[in-house]
Each structure stands twice: as structure tokens, then as C-alpha cells.
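Colleague: Quick one: this structure, given as C-alpha cells, is what I'll be asking you about.
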Amino acid sequence: MKILTVVGARPQFIKASVVSRALAPVADEVIVHTGQHYDRNMSDVFFEELNIPKPAYNLGVGSGSHGRQTGEMLIKIEEVILDEKPDVMLVYGDTNSTLAGALAASKLHIPVAHVEAGLRSFNMRMPEEQNRVLTDHISTWLFCPTETAVKNLNKENITRGVDRSGDVMLDSVLHFLKLARSNPQKTAIYGQLGIAPKQYRLATLHRAETTDGGLDAIVRIFDAFEKLPQPVVIPIHPRTRPLAEEAIAKRGYRNILLTDPVGYLEMLLLTSGACQVLTDSGGLQKEAWFMEVPCVTLRGETEWVETLEGGWNVLAKLETDDITRKATQTVPDAGARERMPFGDGRASERIASILSKWEA
Ligand code: UD1
Ligand code: UDP
């Protein structure tokens, strides 16, 4: 069986790292990198560190408006499909690379496997919500991380091909956190940043909803970070960097430690060592939950509703007072963690096993 996998953005490299390893014994996998993320610390570092097979194609699409970026991917992925003639198209998550891969394949009658299917924020203004809804409706295999995701699909009358596989990001954390902790080159990150475990908070910001608010929104968020009793480390996404630098230059924040994006192993160490995570990221909310680190999600809603149980994750509006209050006054309930809604850490093997039973 030949699988064509389309990835393009940071979280997809991480998810592919565990699934590709599981697929290796059962399939011939050809990886296509759309080029959506292209900075070294947003792309190459993951392939090197996580031992992901080198992409056979890099389409070099780069940044652009949604239509232009998705459209260019569509044109180029179609060419690759026609050359490679895969049996299955494999896509991850909810980025423009996900939709382009799924749509190009579906139009050529190549069945689509969607990892992280069924997630919904019910906010159709989010580009990610549009991508995931459209991708799910043209997928043959829908690999769901949680029971909630299965239910979301059922409500949209999608029942065939739906599997509650568990979350491949849990597989990934279980595998890579051990490696990170035993690697002195990686654990050096605490010393390099001048922070001590549990004496700092970790934040990331990159969502369109956050950056679309311009400097005002970033200032409201940073004003809250400035009031927190521990320093806030922010490995800054390139989308947000200009606004973050402008805010710091204007307001002279002293409690914010801006740094370049870090590799995944260092990020796992920074997350597990933080006393709290503040983020608009989807993946990081869950990683915080997996590592029992309380999280404040800087968004109006979350797809990962299971993390909200017992206050391990709380939503905060992009307002200084709300963020400060949620960050300082929420005490998570240890008893709320008995249920493990994200699977058993073997989602990748399950996905590989199901795909290996494919028949034309
Ligand atoms: C994308 C995904 C988002 C995902 C995120 C993961 C879409 C619509 N959004 O958002 O769902 O959570 O990836 O990180 O697909 N840039 C660089 N260098 C890079 C990459 C981006 O400088 O290597 C800058 C460019 O100015 C670019 C901007 O970041 O315009 C946004 O990049 P883009 O890939 O369009 O969206 P993300 O915010 O990364
Ligand atoms: N991440 C990383 N380095 C960073 C910031 C994030 O390796 O500097 C990892 C993070 O641990 C998680 C993933 O990137 O596994 C999340 O990606 P992102 O927040 O960009 O996207 P989302 O999950 O919101 O789609």
C-alpha cells in the first residue's frame, strides 16, 4: 500500500513523527511538505530531532492569503498525486495544508485518512474550523482523538469510517518527553533562559483571532503577564513576533521573556517545567493537560473540552483583568483527572493497523 502524507505546519510534523514510525512496517509512505512553515525553527528542526523521514517533495508554497496559499497547494499536490498514484492520502489536523491535501485527493478519487477528525470549536469564522469540517466531510477514515470528536461527527451524519483511535499527540508526549529529559543538551534550555522549574509560566500566541486584534490585543495580554508573580517565557511564533516586539518596545515589560520558537524536545521540557501555561494553541493546551500543568486558554472557546474538567484548563477573554484573574485564582481539582479521554498512548499503532487493512 502506498500512502501519500501531506504535512506543512509545525504541529503536523509532530503528529506525523509518531504515525510515520507506526506506518513504516505496513506501508510505503511518501511525505509531501507543502512549505507552509519554512523557517528552520518552524520546520527542519522537527524533521531532524524527531527522526521523521525526509519529505520526498517540498512544494515551497510559503506564506500568503488563505485562498492563494490553499490554491497553490492544491495545484501542486494534484501533480504529485498524478505522479505517485497513491492508494491513500493521509492528512493531519486543520491547517490549509490539511484541506489542500484532502481536497486534491478527493477530487481524484483517492480515499482520504484524516488524523484528528471530529474536532469542533463551532466557530466557523476560524480558518481551522472551516478546514476541519470540509476535510471530515470528504474523508474515508476519520481517526478521532476523543469520544467528543466521534459524537461531533455523528451529529453531522458522519458514521462510516469513524474510529475513536485516541490522540496521537499523547503518543508523542509519552515517547519524546522521556528522550528530552535524558538529553543534557536539551535540559540545558532552563539554564540558557535563566529559569528554574516551576518558577516560571509558559505562553504561546499565534491564532489569527489573537493577532487580528493588532497591538491593542497583544498589549492587553502582556499587561496581564506583567502582573503575574512569575516570569512568562514566550517562544514566539513568527506571525506574532512583530507585534510582540512592538509591545515590548512601547511598554517596557520586565516580566516577559521573549525567545525564538524552540524545538519540540525543548518545548516539552519547558511545558512540563512550567507552573502554568497560557496559550491560544490547540496542541499546547493538551500537552499541558497530559503533563498535569494548569492551563489558561486565551480564546473564547476550545475544541478540547475534556481539558476544562476540574479547572485544569480555563478560558480567558483577551482582556487584562480576565487573564490575570484566571491565571492567579484558578485551582485545578486533582480528582478530576481520573478519566483519560485521550486514549492509551497507542493511537498511532491503531491508525496504522486500520490503514493496513485497506483494500482497493
Ligand atoms: C498555521 C495554521 C494553524 C496552526 C499553526 C501552527 C492555517 C490556516 N493555520 O497558522 O491552524 O495552528 O499553523 O503553528 O493553516 N511565518 C514565518 N515563517 C514560517 C511560517 C510562518 O515567518 O516558517 C509567518 C508569515 O508571516 C506568515 C504567518 O507567519 O504569514 C502565518 O503563517 P501561516 O502558516 O499562514 O499561519 P500560522 O499562524 O502559522
Ligand atoms: N511547539 C514547539 N515549539 C514552540 C512552540 C510550540 O515545538 O516553540 C509545539 C508544541 O509543543 C505543540 C505544537 O508545537 O506540540 C503546537 O503547535 P502550534 O501551537 O503552532 O499549533 P496548534 O497546535 O495550535 O495547531
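What the sequence shown shows, in the working numbering, is residues 13 to 372, in sequence order. Just so you know, even glycine gets a beta-carbon here, dropped at the ideal spot from N, CA and C. Source: prediction; values computed, not measured.
#1: Just curious, the alpha helix (DSSP H) that Val-244 is in, first and last residue?
#2: Please state whether the Cβ-Cβ distance between Thr-407 and His-218 is less than 8 angstroms.
#3: Classify Lys-190 as helix, strand or coil using the three-state DSSP reduction.
#4: Taking the beta carbon of Asp-228 as the centre, do at least 16 other beta carbons fall within 10 Å, making it buried, or is it exposed?
#5: Would you report the Cα separation of Glu-128 and His-45, rounded to the nearest angstrom?
#6: Any contact between the stretch 188-204 and the stretch 100-112? By contact I mean 3 or more CB pairs, one from each, below 8 angstroms.
#7: Give the DSSP-derived three-state secondary structure of Gln-288 in the structure shown.
#8: Which residues does DSSP list as the beta-bridge partners of Lys-14?
#9: Determine the direct distance from the alpha carbon of Asp-334 to that of Ala-28, and round the result to whole angstroms.
#10: Comparing the CB of Tyr-69 with every heavy atom of the ligand UDP, is any distance shorter than 7 angstroms?
#11: The ligand UD1 and Ser-55: does the residue's C-beta get closer than 7 angstroms to at least one heavy atom of that ligand?
#12: Check whether the Cβ of Pro-273 sits closer than 7 angstroms to any heavy atom of the ligand GTP, and report yes or no.
#13: Considering only heavy atoms of the ligand UD1, does any lie closer than 7 angstroms to the CB of His-126?
#14: Does Asp-106 pass the burial test, meaning 16 or more other C-beta atoms within 10 Å, or should it be called exposed?
#15: For Ile-246, tell me which candidate among Val-18, Val-57, Val-274 has the shortest Cα-Cα distance.
#16: Determine the contact status of Val-174 and Leu-154, defining contact as a CB-CB distance below 8 angstroms.
#17: With a cut-off of 5 angstroms, give the chain-ordered residues whose Cβ is closer than this to any heavy atom of the ligand UD1.
#18: According to DSSP, what are the bridge partners of Trp-370?
#19: Comparing alpha-carbon positions, which option in Glu-304, Val-18, Ser-32 lies nearest Thr-147?
#20: Can you check the stretch 246-275 for any beta strand (DSSP E) of at least 3 residues that lies completely inside it and give the ranges in chain order?
#21: Alpha carbon to alpha carbon, how far is Pro-65 from Phe-59? Give it in angstroms, no decimals.
#22: Can you list, in chain order, the residues of its chain with a C-beta nearer than 8 angstroms to that of Asn-325? Leave out the 5 residues immediately preceding and following it.
#23: Using CA coordinates, which residue listed in Leu-327, Leu-71, Pro-250 is at the minimum distance from Lys-88?
#24: Kindly indicate if chain D contains any beta-carbon less than 8 angstroms away from that of Gly-72.
#25: Going by Cα to Cα distance, which pick from Asn-143, Thr-342, Leu-330, Asp-40 is closest to Ser-287?
#26: Check whether the Cβ atoms of Leu-290 and Asn-267 sit closer than 8 angstroms, and answer yes or no.
#27: Should Thr-216 be counted as a contact of the ligand UDP given a C-beta to heavy atom distance under 7 angstroms?
Modeller: Looking at the coordinates:
#1: Translated into the one-based positions of the sequence shown, residue 244 becomes position 232. Segment 244-247 is the beta strand (DSSP E) holding Val-244; no alpha helix (DSSP H) there.
#2: Summary: the structure shown does not reach residue 407, with the chain confined to residues 13 through 372, and so no result is reported for it.
#3: Stepping through the sequence shown from its first residue, residue 190 is reached at position 178. Lys-190: helix per DSSP, three-state reduction.
#4: One-based indexing of the sequence shown puts residue 228 at position 216. Within a 10 Å sphere around the beta-carbon of Asp-228 sit fewer than 16 other beta-carbons, which makes this residue exposed.
#5: Counted from its first residue, the sequence shown places residue 128 at position 116. Counted from its first residue, the sequence shown places residue 45 at position 33. Cα to Cα, the separation comes out at about 18 angstroms.
#6: no
#7: Taking the first residue of the sequence shown as 1, we reach residue 288 at position 276. Reduced to three states, the DSSP call for Gln-288 is strand.
#8: For the purposes of this step, residue 14 is taken as the residue at position 2 of the sequence shown. Answer by DSSP bridge pairing, in chain order: Asp-40.
#9: For the purposes of this step, residue 28 is taken as residue 16 along the sequence shown, with counting starting at 1. For the purposes of this step, residue 334 is taken as residue 322 along the sequence shown, with counting starting at 1. So the two alpha carbons sit approximately 36 angstroms from each other.
#10: What you label residue 69 is simply residue 57 of the sequence shown in a count that begins at 1. Every heavy atom of the ligand UDP is 7 angstroms or more from the Cβ of Tyr-69, so no.
#11: Residue 55 sits at position 43 when you count from the first residue of the sequence shown. It does: the Cβ of Ser-55 is within 7 angstroms (strictly closer) of some heavy atom of the ligand UD1.
#12: Questions concerning the ligand GTP fall outside what the structure shown contains, since the ligands it does hold are the ligand UD1 and the ligand UDP.
#13: What you label residue 126 is simply residue 114 of the sequence shown in a count that begins at 1. In this structure, the ligand UD1 has no non-hydrogen atom nearer than 7 angstroms to the beta-carbon of His-126.
#14: Residue numbering aside, residue 106 sits at position 94 when the sequence shown is read from its first letter. Buried, since its Cβ has 16 or more Cβ neighbours within 10 Å.
#15: Reading the sequence shown from its first residue, position 234 is the one you call residue 246. Looking at the Cα atoms, Val-274 is the closest of the given residues.
#16: The residue you call residue 174 lines up with position 162 of the sequence shown. The residue you call residue 154 lines up with position 142 of the sequence shown. Contact: yes.
#17: Ala-21, Arg-22, Gln-48, His-49, Tyr-50, Asp-51, Met-54, Ser-75, Thr-107, Asn-108, Pro-139, Glu-140, His-218, Pro-250, Arg-251
#18: Along the sequence shown, one-based indexing puts residue 370 at 358. The partner list for Trp-370 (beta bridge, DSSP) is empty, contrary to what the question assumes.
#19: Counting from 1 along the sequence shown, the entry for residue 147 is found at position 135. Between Thr-147 and the set Glu-304, Val-18, Ser-32, the nearest pair of CA atoms involves Val-18.
#20: Entirely contained in the stretch 246-275, the beta strand (DSSP E) runs reaching 3 residues are, in chain order, 268-271.
#21: Along the sequence shown, one-based indexing puts residue 59 at 47. Along the sequence shown, one-based indexing puts residue 65 at 53. Distance between the alpha carbons of Phe-59 and Pro-65: 7 angstroms.
#22: As a first step, residue 325 must be located in the sequence shown, where it is residue number 313. Same-chain partners within the cutoff: Gln-297, Ala-300, Trp-301, Pro-306, Cys-307, Val-308, Thr-309, Thr-314, Trp-316, Thr-319.
#23: As a position in the sequence shown, residue 88 is number 76, starting the count at 1. If we check each option's Cα against that of Lys-88, Leu-71 comes out closest.
#24: No chain D is part of this structure, which consists of one protein chain only.
#25: Indexing the sequence shown from 1 puts residue 287 at position 275. It should be pointed out that residue 287 corresponds to Cys in this sequence rather than to Ser. By alpha-carbon distance to Cys-287, the top candidate from Asn-143, Thr-342, Leu-330, Asp-40 is Thr-342.
#26: Here residue 290 refers to the residue found at position 278 of the sequence shown. Here residue 267 refers to the residue found at position 255 of the sequence shown. Taking the C-beta atoms as reference points, Asn-267 is found no nearer than 8 angstroms to Leu-290.
#27: Here residue 216 refers to the residue found at position 204 of the sequence shown. True, at least one ligand heavy atom lies under 7 angstroms from that Cβ.
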